[in-house]
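Quick note on UniProt numbering: the sequence shown kicks off at 1 and runs consecutively. Take a look at the structure below.
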Amino acid sequence: MHTASRSNGGGGGVLASRTSSRSVTETVNGSHKFVIKGYSLAKGIGVGKHIASETFTVGGYQWAIYFYPDGKNPEDNSAYVSVFIALASEGTDVRALFELTLLDQSGNGKHKVHSHFDRSLESGPYTLKYRGSMWGYKRFFKRAQLEASTFLKDDCLKINCTVGVVVSSIDCSKLNTIQVPESDIGAHFGMLLENEEGSDVTFSVGGERFHAHKLVLAARSTAFETEFFNGMEEDDHDVVVTDMEPKVFKALLHFIYRDTLIDDEELFMSRSSFLPSVSESFAAKLLAAAEKYGLPRLKLMCESVLCKDISIDSVAYILALADRYRATELKSVCLQFSAENLVGEFFCSTLPPKSTLKFIVRHFLACNIFSSF
1 MHTASRSNGG GGGVLASRTS SRSVTETVNG SHKFVIKGYS LAKGIGVGKH
51 IASETFTVGG YQWAIYFYPD GKNPEDNSAY VSVFIALASE GTDVRALFEL
101 TLLDQSGNGK HKVHSHFDRS LESGPYTLKY RGSMWGYKRF FKRAQLEAST
151 FLKDDCLKIN CTVGVVVSSI DCSKLNTIQV PESDIGAHFG MLLENEEGSD
201 VTFSVGGERF HAHKLVLAAR STAFETEFFN GMEEDDHDVV VTDMEPKVFK
251 ALLHFIYRDT LIDDEELFMS RSSFLPSVSE SFAAKLLAAA EKYGLPRLKL
301 MCESVLCKDI SIDSVAYILA LADRYRATEL KSVCLQFSAE NLVGEFFCST
351 LPPKSTLKFI VRHFLACNIF SSF
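And the structure:
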């Protein structure tokens with residue numbers, strides 16, 4: 001801190017200025033999940049040879065996970081698999097903390113964690129001198145134990161990596177500040193829905209009743225606004241919904257009041273093993289509800305959930321769903337995925353039926369997607 005004073009020449013007063021600054025050192029964190037399918041086929045590629053993840057960005061630098069099925073060095077770890085995190089972009093003396101986690105796929109949560117974050121006070125951040133520098137473990141896991149464990153399931157391994165890049169800055173803005181909490185308006189409106197206080201409309205859905213507030217619904221949905229204030233009698237407080245399941249309508253109300261997706265495992269459940277029933281999934285039904293009631297943000301949320309389940313086997317079904325409910329973002333991802341993946345699978349037995357191929361090609365032509373090739 002620096003203090004300066006100046007006489008005004010007459011001795012009658014002093015003009016003083018006070019300045020202050022603060023150095024702040026913190027980490028910018030990011031994570032990447034690396035799925036290794038076909039582990040048994042990767043074995044035997046040779047000591048010192050690795051399988052690399054896609055690069056990902058944390059703290060302004062590119063990173064990649066390197067998995068060595070036969071170990072990194074022959075002399076001391078031929079019986080082990082090795083895992084490292086590498087600096088994949090240009091950089092000099094990049095300081096960072098790291099964590100490598102081998103995910104337990106039994107559902108018991110007993111993951112194998114190697115964390116540098118826990119030891120940061122003892123050893124400080126690790127410094128990567130240049131592009132290609134690595135941090136990790138030559139003896140990450142004994143190969144025999146790994147192959148007999150629940151970390152390996154369906155010939156697949158899952159590794160999660162967290163990187164914390166150390167950054168320093170001079171901060172003057174936080175010297176005299178008051179921390180303002182995050183908005184909790186969604187929580188308050190959510191309590192209004194749960195407590196049913198002041199509700200003025202009741203929905204009957206599949207034998208269940210839901211109490212809500214016309215003004216809240218109308219403010220969030222143009223469809224509800226039209227229904228309540230243009231097409232409904234003022235004293236009509238009971239609405240019957242016949243085209244929706246109770247759990248879907250409950251999720252719809254949850255979004256309208258809280259602006260978030262409902263916390264329900266079924267909503268995020270993968271449907272890849274039940275391909276024809278993609279349209280019957282929770283996410284698909286909620287997408288249909290969002291389209292019906294004019295809730296574009298909820299539509300995008302549902303599209304984001306469905307997008308994660310796109311595969312060669314499921315893309316045609318999800319594309320049909322996107323087309324039906326005018327889910328343009330999801331449709332675009334499906335078409336791009338098809339353009340990039342189906343050509344290589346054309347003669348593969350896992351290719352979707354001929355009718356679904358025609359459906360995809362029709363959309364390719366409509367979107368002129370081949371123009372980029």
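A virtual CB, placed ideally from N, CA and C, is assigned to each residue, including glycine.
query: contact_flag[the segment 118 to 137, the segment 89 to 108] where n(CB pairs < 8 Å) is 3 or more; result: yes
query: Any 3 or more C-beta pairs closer than 8 Å across the segment 75 to 85 and the segment 129 to 148; result: yes
query: Residue of GLN105, VAL28, ALA88 minimising C-alpha distance to LEU152; result: GLN105
query: Extent of the continuous alpha helix (DSSP H) run through LYS250; result: 246 to 258
query: Stretch-stretch touch, CB-based, cutoff 8 Å, three pairs: the segment 184 to 192 with the segment 36 to 46; result: no
query: Contact under 8 Å by Cβ, LEU306 with ALA251; result: no
query: Closest by C-alpha distance to GLY59, when choosing among SER168, SER281, LYS112; result: SER168
query: Extent of the continuous beta strand (DSSP E) run through VAL241; result: 238 to 241
query: Helix, strand or coil at VAL47 [DSSP, three-state]; result: coil
query: Per-residue DSSP class, three states only, for VAL167; result: strand
query: Rounded straight-line distance, which links the Cα of ILE170 to that of SER20; result: 10 Å
query: Continuous alpha helix (DSSP H) stretch holding GLU26: start and end; result: Element bounds for GLU26: not the alpha helix (DSSP H) but the beta strand (DSSP E), 22 to 37.
query: Beta-ladder partner(s) of CYS161, from DSSP; result: HIS32, LEU100
query: Expected contact under 8 Å - CB spacing of LEU319 and CYS302 to nearest Å; result: With 8 Å as the limit, LEU319 and CYS302 do not qualify as a contact, their Cβ atoms being about 15 Å apart.
query: C-alpha distance - ASP154 paired with HIS114, whole-angstrom precision; result: 24 Å
query: Touch test, the segment 313 to 328 against the segment 285 to 299, Cβ-Cβ under 8 Å, three pairs minimum; result: yes
query: Separation of ALA144 from LYS299, as counted between CA atoms; result: 47 Å
query: Closest Cα partner of LYS142 within the set SER78, GLU194, GLN179; result: SER78
query: PHE203 beta carbon less than 8 Å from that of PHE255; result: no
query: Within 8 Å, strictly: CB atoms of ALA212 and GLY294; result: no
query: Residue(s) in a DSSP beta bridge with PHE203; result: PHE210, VAL239
query: Check whether LEU102 and ILE159 have beta carbons under 8 Å apart; result: yes
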